[in-house]
Structure formats: C-alpha cells, structure tokens
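Numbering (UniProt numbering), first residue to last: 1 to 270.
Ideal Cβ positions, reconstructed from N, Cα and C, are used throughout, including at glycine.
Keep in mind the model is a prediction, meaning the values are calculated, not measured.
Structure first, then comments.
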Amino acid sequence: MKEALVTVLGLLSVVATAMYVMKAIPEETAQALEAQSSQYINVTTIDITAGQHHSTIEGYGEVIPEETLTLTSQVSGVVLWKEKHFKLGEQVSKGDLLLRIDDSSYKVLLANAKKDLANAQLAFLQEQRKHQRAQKEWKASGMAEAPSPLALREPQFKAAKAQLNATQQAVEDAKQQLAKTSVHAPFDGIVSQSSVTTGSVVESGTSLGQIKSIETAEVHLALTEDDWQQLPTKLSTLSVILQSESHPRQQWAAQASSLSLLVDLKWHSE
1 MKEALVTVLG
11 LLSVVATAMY
21 VMKAIPEETA
31 QALEAQSSQY
41 INVTTIDITA
51 GQHHSTIEGY
61 GEVIPEETLT
71 LTSQVSGVVL
81 WKEKHFKLGE
91 QVSKGDLLLR
101 IDDSSYKVLL
111 ANAKKDLANA
121 QLAFLQEQRK
131 HQRAQKEWKA
141 SGMAEAPSPL
151 ALREPQFKAA
161 KAQLNATQQA
171 VEDAKQQLAK
181 TSVHAPFDGI
191 VSQSSVTTGS
201 VVESGTSLGQ
211 IKSIETAEVH
221 LALTEDDWQQ
231 LPTKLSTLSV
241 ILQSESHPRQ
251 QWAAQASSLS
261 LLVDLKWHSE
C-alpha cells in the first residue's frame, strides 16, 4: 500500500506542478506584453505597384574613337602651305583644307594630257570619216563578196577610238593627281599627330598626320559577375550615360552595342 500511495501522491504532485507552470506562463506573458504596450516603433509605409525596375551599373573605360585615320600623301612635292589648326589637339571639320602641296608639275601633266586628248579627238574624227567613206565606196562598187576589214579601214578606226579613250582617261587621272595636292580633312575629328610643316618635301606614301573621329566613339567596360547578372537579354533596351571623371557635369547619351565573352585576367584575378 505504501508503494501505491507514494505513487499516487507522486502523480498528483506532478500534475499540480504542471498546472501551476501552465497557469504561470500566460500570466507572465501577459505582464510582459502589457509592459511593452507603451513602446511604439515609427514605421513608414509606401504604396508599391507591379512594374519594371532598373538597376544601375557603374564602370570606367577609355573612350576610343570609332575611326582613326593616318593621312598619307598621294603625290610628291614641297608643302607650300599648312593650316594653322592642323596640329596636335586641334579640332578640324570635314572638308577643311589642311595642306597644299606644290602643284606646278601636275598642272603641266594635265595640260599635256588635254593636248593629247585634242589630237586624239581629231585623229578619231578623221578616221571615222575615212571608215564611213570606205563603206559607201564598197557598196557603190556592187561587189558581191564580203569586204575585208582593211578595205573598210576597220582596224584604223578601232585604233583611233582606243587612243581617244586612253587620252580621255589620262586627262581624268591628271585631274585627280592635281586635286591630291590639296589635302582635306576626311571627317570631323581631333588632330592626334601632325608630321609635316611648310617647306617639308613629301613623297607618295609619306605620313602627313593622324586624325581621330569625334562623331562616334566606343567605351569598353570591364564588368564583374554581379554586373553581368543585371544586364538585360536584349542590349538594344540598355540605356547608357557617359560621364567625364574630371568634369561630372559633362554627360553623353550612349547605346550598348555588344558584349564580349573574353575574360580579362587582370580583373578576374582580383
């Protein structure tokens, strides 16, 4: 009996303890909540709407002109005149006259070409008349057999015509050579190199200077892996703003054109 009684009393004690603890916990929680009810947290709410949200990627790169042209002389002679703006760092516009090379010898070539053309035109007209006369005389002769080319002066006529074409082309070539004594800017740009000055003797192929285009430029940016994840699928939808590091207020609108899959080891190692 003692063992049974002890067992029952033990069970009753456990139940009573559990009931006390369960009752005490809600009372303590209620007291804690009541104590905290006087504390307030300032919050701000905003209304959000579904839509597209854009992220910003910043990078640094060198501005590379889309076109860089080295001007070379296409004729030989002495530089008689040089534009004052044709020097390092100066801006030039498309069509600006930059250099003038001595053209006296090329004027002589053009004059001789025109003289040869005049002689060729005269020879052609004379041979054309002889050719037509030979054709009429052969028809008037009443001969049944076909005439030989020599009888109709066809070889002489073709030779005169070929000579006329050759002299016409020679005149055009002489005009082009004369025009090349004046060197013009091929596009709007910045002079990055000027190699000659007034009095310089140049040959065909001599470098005169270099111009970098200012119409269009490219900027290559090194992107991190996180940057790549933010890029859109279609680059045509990507707007780019270029900003000068030294003059932040100077900005230019640009358009993303292509992605390179090459990995720069220098950036990758970092």
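Of the residues S194, A217 and E215, the one whose Cα lies closest to the Cα of T206 is S194. The bridge partners DSSP lists for E218 are I64. Beta-bridge annotation (DSSP): I101 is paired with V79. By the beta-carbon neighbour count (other beta carbons within 10 angstroms, threshold 16), Y106 is buried. An exposed status is given to R133, since fewer than 16 other beta-carbon atoms sit within 10 Å of its beta-carbon. By the neighbour-count criterion, in which 16 or more other beta carbons inside 10 Å mark a residue as buried, L150 falls on the exposed side. Taken through DSSP and simplified to helix, strand or coil, A134 comes out as helix.
T72 has its alpha-carbon roughly 16 Å from the corresponding atom of T198. CA-CA distance, E225 to T216, rounds to 28 Å. For Q74, no beta strand (DSSP E) segment is defined, and its DSSP state is neither H nor E. Of the other Cβ atoms in all chains shown, fewer than 16 fall within 10 Å of the Cβ of E245; this residue is therefore exposed. Within the model, the alpha-carbon separation for A111 versus H85 is close to 33 Å.
Taking S192 as the centre and dropping the five residues before and after it, the same chain places the C-beta of Q210 and K212 closer than 6 Å to its C-beta, in chain order. In this structure, A256 and V240 form a Cβ contact; the two beta carbons are roughly 6 Å apart against a cut-off of 8 Å. E67 and L259 have their C-alpha atoms spaced approximately 20 Å apart. Counting only residues of its own chain and dropping the five nearest sequence neighbours on each side, D116 has a CB closer than 6 Å to the CB of T167.
If you draw a straight line from the Cα of E83 to the Cα of K94, it comes to about 14 Å. In the DSSP assignment, I46 is bridged to no other residue. Minimum Cα-Cα distance from V79 among the listed residues N119, E62 and S200 corresponds to S200. The C-beta separation of S76 from V171 comes to about 20 Å, leaving the pair out of contact by the 8 Å criterion.
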